[in-house]
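A.B. asks:
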Amino acid sequence: MATAALSLEQAPPISVPLRFFLTAPLFGITAALVLLALGTGAWTTRWSAGALAVTHLMTLGFLAMVMIGALMQMLPVVAGAPVARVRAVSRVVHVLLSLGTLALAGGFLSGKVPVLRLALVLLALAFIVFIGAAAGSLVRARAAAVTVRGMRYSVTALAVTVCMGLLLGSGLAWHWPLAVPELTALHLFWGLLGWVGLLVIGVGFQVVPMFQTTPPYPRIMTSHLTRLIFVTLLLWSPAKWFAGHSLLVHDSAATLASLLGLGYALFAAATLALQRRRRREMPDITVRFWRIGMASLLAGAVLGWAGLWESKAASTSLEFTWGILAIFGFGVSVINGMLYKIVPFLVWVHLQANPGGRGKLPNMKEIVPDRRAGIQFWLHLSALLLLAGAAWMPRLLAYPAAVALGSSNLFLWANLTGAYRLYARILASGISR
Amino acid sequence: MADSIYIELSMDHRRCDELFSAAENQVHRGDWIDAEKSLRDFLDATLRHFEVEETFLFPAFEARTGQAMGPTRIMHLEHQQMRVLFKDLGQDIERRDRGHYLGSSETLLTLLQQHNLKEEQVLYPLSDRALAGEVPELLQRMRAGGPPRP
Numbered sequence: 041m042a043t044a045a046l047s048l049e050q051a052p053p054i055s056v057p058l059r060f061f062l063t064a065p066l067f068g069i070t071a072a073l074v075l076l077a078l079g080t081g082a083w084t085t086r087w088s089a090g091a092l093a094v095t096h097l098m099t100l101g102f103l104a105m106v107m108i109g110a111l112m113q114m115l116p117v118v119a120g121a122p123v124a125r126v127r128a129v130s131r132v133v134h135v136l137l138s139l140g141t142l143a144l145a146g147g148f149l150s151g152k153v154p155v156l157r158l159a160l161v162l163l164a165l166a167f168i169v170f171i172g173a174a175a176g177s178l179v180r181a182r183a184a185a186v187t188v189r190g191m192r193y194s195v196t197a198l199a200v201t202v203c204m205g206l207l208l209g210s211g212l213a214w215h216w217p218l219a220v221p222e223l224t225a226l227h228l229f230w231g232l233l234g235w236v237g238l239l240v241i242g243v244g245f246q247v248v249p250m251f252q253t254t255p256p257y258p259r260i261m262t263s264h265l266t267r268l269i270f271v272t273l274l275l276w277s278p279a280k281w282f283a284g285h286s287l288l289v290h291d292s293a294a295t296l297a298s299l300l301g302l303g304y305a306l307f308a309a310a311t312l313a314l315q316r317r318r319r320r321e322m323p324d325i326t327v328r329f330w331r332i333g334m335a336s337l338l339a340g341a342v343l344g345w346a347g348l349w350e351s352k353a354a355s356t357s358l359e360f361t362w363g364i365l366a367i368f369g370f371g372v373s374v375i376n377g378m379l380y381k382i383v384p385f386l387v388w389v390h391l392q393a394n395p396g397g398r399g400k401l402p403n404m405k406e407i408v409p410d411r412r413a414g415i416q417f418w419l420h421l422s423a424l425l426l427l428a429g430a431a432w433m434p435r436l437l438a439y440p441a442a443v444a445l446g447s448s449n450l451f452l453w454a455n456l457t458g459a460y461r462l463y464a465r466i467l468a469s470g471i472s473r
Numbered sequence: 012m013a014d015s016i017y018i019e020l021s022m023d024h025r026r027c028d029e030l031f032s033a034a035e036n037q038v039h040r041g042d043w044i045d046a047e048k049s050l051r052d053f054l055d056a057t058l059r060h061f062e063v064e065e066t067f068l069f070p071a072f073e074a075r076t077g078q079a080m081g082p083t084r085i086m087h088l089e090h091q092q093m094r095v096l097f098k099d100l101g102q103d104i105e106r107r108d109r110g111h112y113l114g115s116s117e118t119l120l121t122l123l124q125q126h127n128l129k130e131e132q133v134l135y136p137l138s139d140r141a142l143a144g145e146v147p148e149l150l151q152r153m154r155a156g157g158p159p160r161p
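Laid out in structure tokens, this is it:
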């Protein structure tokens, strides 16, 4: 109890989360550059080197990058359990994850085995350090909190995702014979519907009612949904693995996968319904990003159901669309929206605590102006629509989609670094005073 | 239902949230006269909540756990930060500065909610556990002896 009690004091220094947040859009820009360079070549199949590179630049370089930074910040606040040696851990994880992601994308694109091997080592180390640190904190956290439970499931799912990913990567790098389609299915379900999805739900239960001023989620949902999804993933995995063995197992896997879709659709529908009842009349940029996220989740669930029960393999366009909805429409939208609350607030709060912070300080809307966030919102929405469109009409839309993705991330990066520069400027003026 | 600091003070948070949104919505609509009154109601309720915590809960918690430099110190510090923002909101209403009010209220909402989150997730449950037997009596003092309205 003593550790938990002391922990409210130990909010990490601003550099801990910001290094992750300011890096993420750079990976979005890199993904856009790869898409530009490859043109329609990236869109031939989801197994193409370009598609794999872009996918991992977004999932590791953007999603995991921000989620790890946010967890470092949130664990002391929400769970009352700070990460041990948080400065060192964040510095090491940030460098390893950044280099590992670049190497992985480079390894896919170049087909060079040594680059791929380097990537696997760097990423394995990054996740061992991060998962170890996060687990240490989550074990000590108060078990009762709904959000803590979501975080535990999420980080466990990350561990599964990483193991599957390392296995798949090793298969490529060392030419092991592996059941690639099954392993890939497990890797991406645990990653998107486990690590990303469960963290969003667990955190969303807490932050949507509080920061988006909505009524609370139904009690039955907050007490059971994350556990049900986690257990369904556990049951689905062996069924998917052995799906080729009999029709019965195949159908069980499909049924369990549709249940997963149902779980996420329920969360999305509940969130959208709650947002309609928010108390604030003032438009809120985070709420708008979350609406896109939840709409994508619903669309993804419907597409998933449609694809699952088709006898023939889902078409390439359908697979691309599902991936774009899950990674970009859901994951990136929700995270992008949260960044517009977290970053201005962190800047404000750390200015308060510093000697340069005396006198009249800018408020959150002066740190990141609504107008600038609003422009980026429209760029993001265009990028989503164009990417989804490019899945069906690559010749027409591959380049516009890449340009929109790049501009949206460039603008996000400018908005976030603008906030940081304001912070540094005020701090410097305070010290020289 | 058993007496609980968590339930009592969390419910008070929700009541303050309602008042906060009423004031902000009225400013958003340019309804300055009503906004002035709503802001006053919000400030009354919130300052009262702060004082109840600072007068009764924090000292009891510190006495029982021996942690004067622990979580209560941070909660106290955040109360101070919010008191500064309260002044900004009052000035913005006087000056009818809609843009600045909405920026200050966004900042206050975020500060307030992450503060409530910490209290509801960590401090109140810890207090209920640490103060166990004293809770009913403490709650009674909090309800009855809340300091006079400012």
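Protein chains in written order, with the numbering used here: chain E, 41 to 473; chain F, 12 to 161.
C-beta: ideal position from N, C-alpha, C; glycine also.
#1: For E:Gly333, which residues from the same chain have a beta carbon less than 6 angstroms from its beta carbon, with the 5 sequence-adjacent residues on both sides left out?
#2: Can you check whether the C-beta of F:His39 is within less than 9 angstroms of a C-beta belonging to chain E?
#3: Please tell me whether F:Gly110 has its Cβ less than 9 angstroms away from any Cβ of chain E.
#4: Starting from the beta carbon of F:Arg28, find every residue of chain E whose beta carbon is closer than 8 angstroms, and list them in chain order.
#5: Taking 7 angstroms as the limit between beta carbons, can you name the residues of its chain near E:Lys381, skipping five residues before and five after?
#6: Closer than 8 angstroms between beta carbons: that is the criterion. Which residues of the region 120-139 of chain F meet it against chain E?
#7: Strictly under 9 angstroms for the Cβ-Cβ distance: is F:Ser15 near chain E by that measure?
#8: Helix, strand or coil for E:Asn403 per DSSP?
#9: May I ask you to report which of helix, strand or coil DSSP gives E:Thr43?
#10: With a cut-off of 9 angstroms, does the C-beta of F:Gly144 fall near any C-beta of chain E?
#11: By the 10 Å Cβ neighbour count, where 16 or more other Cβ atoms means buried, how is E:Pro52 classified, buried or exposed?
#12: Looking at C-alpha atoms only, which residue of E:Val186, E:Leu421, E:Gly458 and E:Val200 is the closest neighbour of E:Gln246?
#13: Go ahead and pull the three-state DSSP assignment for F:Glu145.
#14: Starting from the Cα of E:Lys280, find the closest Cα among E:Arg318, E:Met261, E:Glu406 and E:Leu226 and give me that residue.
#15: By the 7 angstroms beta-carbon criterion, what residues does the region 85-119 of chain F contribute toward chain E?
#16: Between E:Gly458 and E:Ala441, which are expected to be in contact by the criterion C-beta below 8 angstroms, what is the C-beta distance as a whole number of angstroms?
#17: Is the CB of E:Ala110 under 9 angstroms away from at least one CB in chain F?
#18: Is the Cβ-Cβ distance between E:Leu207 and E:Leu223 less than 9 angstroms?
#19: Alpha helix (DSSP H) containing F:Asn127: first to last residue?
#20: Quick one, are the C-beta atoms of F:Asp103 and F:Arg94 less than 9 angstroms apart?
#21: Determine the extent of the alpha helix (DSSP H) in which E:Trp432 is found, giving its start and end residues.
#22: With DSSP run on the structure shown, which of helix, strand or coil describes F:Asp52?
#23: Consider the Cβ of F:Ile18: report whether some Cβ of chain E lies at a distance smaller than 9 angstroms.
#24: Report the neighbours of E:Trp388 on chain F: residues whose CB is nearer than 7 angstroms to its CB, in chain order.
#25: Please check if any C-beta of chain F sits within less than 9 angstroms of the C-beta of E:Phe385.
#26: So, using beta-carbon positions, are F:Pro82 and F:Phe72 closer together than 9 angstroms?
#27: Would E:Ala3 and E:Gly101 qualify as a contact pair, given that the criterion is a beta-carbon distance under 9 angstroms?
#28: Rounded to whole angstroms, what is the Cα-Cα separation between E:Val56 and E:Val117?
#29: If you draw a straight line from the C-alpha of E:Ser351 to the C-alpha of F:Leu119, how long is it?
#30: Compute the beta-carbon to beta-carbon distance between E:Leu456 and E:Pro65, rounded to the nearest angstrom, for a pair I have assumed lies under 8 angstroms.
#31: Could you tell me whether any Cβ in chain F is nearer than 9 angstroms to the Cβ of E:Ala309?
#32: Cα separation between F:Glu163 and F:Gln91?
#33: In whole angstroms, what separates the C-alpha of F:Thr76 from that of F:Arg140?
#34: Identify the continuous alpha helix (DSSP H) that holds E:Ala297 and give its terminal residues.
#35: Taking its Cβ as the centre, do 16 or more other Cβ atoms sit within 10 Å of E:Arg189, making it buried, or is it exposed?
#36: Examine chain F for any beta-carbon lying closer than 9 angstroms to the beta-carbon of E:Gln392, and answer yes or no.
C.D. replies: The answer reads as follows:
#1: Taking the first sequence and counting its residues from 1, one reaches residue 333 of chain E at position 293. Here the set comprises Phe370, Ser373 and Val374.
#2: Taking the second sequence and counting its residues from 1, the one referred to as residue 39 of chain F is at position 28. Yes, F:His39 lies at the interface with chain E (some Cβ there is under 9 angstroms from its Cβ).
#3: Sequence index remark: in the second sequence, residue 110 of chain F carries index 99 (1-based). Yes, its Cβ sits closer than 9 angstroms to a Cβ of chain E.
#4: As a first step, residue 28 of chain F must be located in the second sequence, where it is residue number 17. Looking at the sequence provided, one finds Asp at residue 28 of chain F rather than Arg. Going along chain E in sequence order, the residues near F:Asp28 (Cβ under 8 angstroms) are Thr253 and Arg319.
#5: Residue mapping note: residue 381 of chain E aligns to position 341 of the first sequence, counting from 1. Counting only Cβ-Cβ distances below 7 angstroms, and skipping sequence neighbours, we find Phe251 and Thr326.
#6: Leu120, Thr121, Leu122, Gln124, Gln125, Asn127, Leu128, Lys129, Gln132, Val133, Leu134, Pro136 and Leu137
#7: Here residue 15 of chain F refers to the residue found at position 4 when the second sequence is read from its first residue. Answer no: the Cβ-Cβ gap between F:Ser15 and chain E never drops below 9 angstroms.
#8: Mapped onto the first sequence, residue 403 of chain E falls at position 363. DSSP places E:Asn403 in coil when its eight states are reduced to three.
#9: Within the first sequence, residue 43 of chain E is the residue found at index 3, counting from 1. For E:Thr43, the predicted structure reports a pLDDT of 34, less than 50, and the residue's modelled location is therefore unreliable. A value from the coordinates is still provided. E:Thr43: helix per DSSP, three-state reduction.
#10: Taking the first residue of the second sequence as position 1, residue 144 of chain F is located at position 133. So, not an interface residue.
#11: Position 12 of the first sequence, counted from the start, is the residue given in the question as residue 52 of chain E. E:Pro52 is buried by the Cβ-count criterion.
#12: The residue labelled residue 246 of chain E in the question sits at position 206 within the first sequence. Considering only alpha carbons, the answer is E:Val186.
#13: Within the second sequence, the letter at position 134 stands for residue 145 of chain F. Reduced to three states, the DSSP call for F:Glu145 is helix.
#14: Reading the first sequence from its first residue, position 240 is the one you call residue 280 of chain E. Selected option, being the one with the closest Cα: E:Leu226.
#15: Ile85, Gln92, Leu113, Gly114, Ser115, Glu117 and Thr118
#16: As a working mapping, residue 458 of chain E is identified with position 418 in the first sequence. As a working mapping, residue 441 of chain E is identified with position 401 in the first sequence. With a Cβ gap of about 26 angstroms, E:Gly458 and E:Ala441 do not count as contacting.
#17: Reading the first sequence from its first residue, position 70 is the one you call residue 110 of chain E. Chain F contact via Cβ: absent.
#18: The sequence position of residue 207 of chain E within the first sequence is 167, counting from 1. The sequence position of residue 223 of chain E within the first sequence is 183, counting from 1. Result yes, Cβ atoms of E:Leu207 and E:Leu223 sit closer than 9 angstroms.
#19: Walking along the second sequence from the start, residue 127 of chain F turns up at place 116. First-last of the alpha helix (DSSP H) with F:Asn127: Arg109 to Lys129.
#20: Within the second sequence, the letter at position 92 stands for residue 103 of chain F. Within the second sequence, the letter at position 83 stands for residue 94 of chain F. No, Cβ-Cβ distance for F:Asp103 and F:Arg94 is not below 9 angstroms.
#21: Within the first sequence, the letter at position 392 stands for residue 432 of chain E. Segment Asp410 to Trp432, the alpha helix (DSSP H) holding E:Trp432.
#22: Looking up residue 52 of chain F in the second sequence gives position 41. Reduced to three states, the DSSP call for F:Asp52 is helix.
#23: For this step, residue 18 of chain F is matched to residue 7 along the second sequence. By this cut-off, F:Ile18 is not an interface position.
#24: The count along the first sequence starts at 1 and reaches residue 388 of chain E at position 348. Thr118, listed in chain order.
#25: Indexing the first sequence from 1 puts residue 385 of chain E at position 345. Yes, its Cβ sits closer than 9 angstroms to a Cβ of chain F.
#26: Position 71 of the second sequence holds residue 82 of chain F. Position 61 of the second sequence holds residue 72 of chain F. A contact, by the Cβ cut-off of 9 angstroms.
#27: Residue 3 of chain E falls outside the range modelled here, since chain E spans only 41 to 473, and no answer is possible.
#28: Position 16 of the first sequence holds residue 56 of chain E. Position 77 of the first sequence holds residue 117 of chain E. Whole-angstrom Cα-Cα distance: 14 angstroms.
#29: Here residue 351 of chain E is taken as the residue at index 311 of the first sequence, counted from 1. Here residue 119 of chain F is taken as the residue at index 108 of the second sequence, counted from 1. With a pLDDT of only 48 at E:Ser351, under the threshold of 50, the placement of this residue in the model should not be trusted; the figure read from the coordinates follows. Distance between the alpha carbons of E:Ser351 and F:Leu119: 54 angstroms.
#30: By one-based count along the first sequence, residue 456 of chain E stands at place 416. By one-based count along the first sequence, residue 65 of chain E stands at place 25. Right, their Cβ atoms sit about 7 angstroms apart.
#31: In the first sequence, the residue the question calls residue 309 of chain E occupies position 269. Not an interface residue.
#32: Residue 163 of chain F lies beyond the range of chain F shown here (12 to 161); nothing can be said about it.
#33: Within the second sequence, residue 76 of chain F is the residue found at index 65, counting from 1. Within the second sequence, residue 140 of chain F is the residue found at index 129, counting from 1. Taking the straight line from one Cα to the other gives about 11 angstroms.
#34: Mapped onto the first sequence, residue 297 of chain E falls at position 257. Leu287 to Arg316 is the span of the alpha helix (DSSP H), which, as asked, contains E:Ala297.
#35: On the first sequence, residue 189 of chain E is found 149 positions in, with the first residue counted as 1. E:Arg189 should be labelled buried.
#36: Counted from its first residue, the first sequence places residue 392 of chain E at position 352. Cβ-Cβ to chain F under 9 angstroms: yes for E:Gln392.
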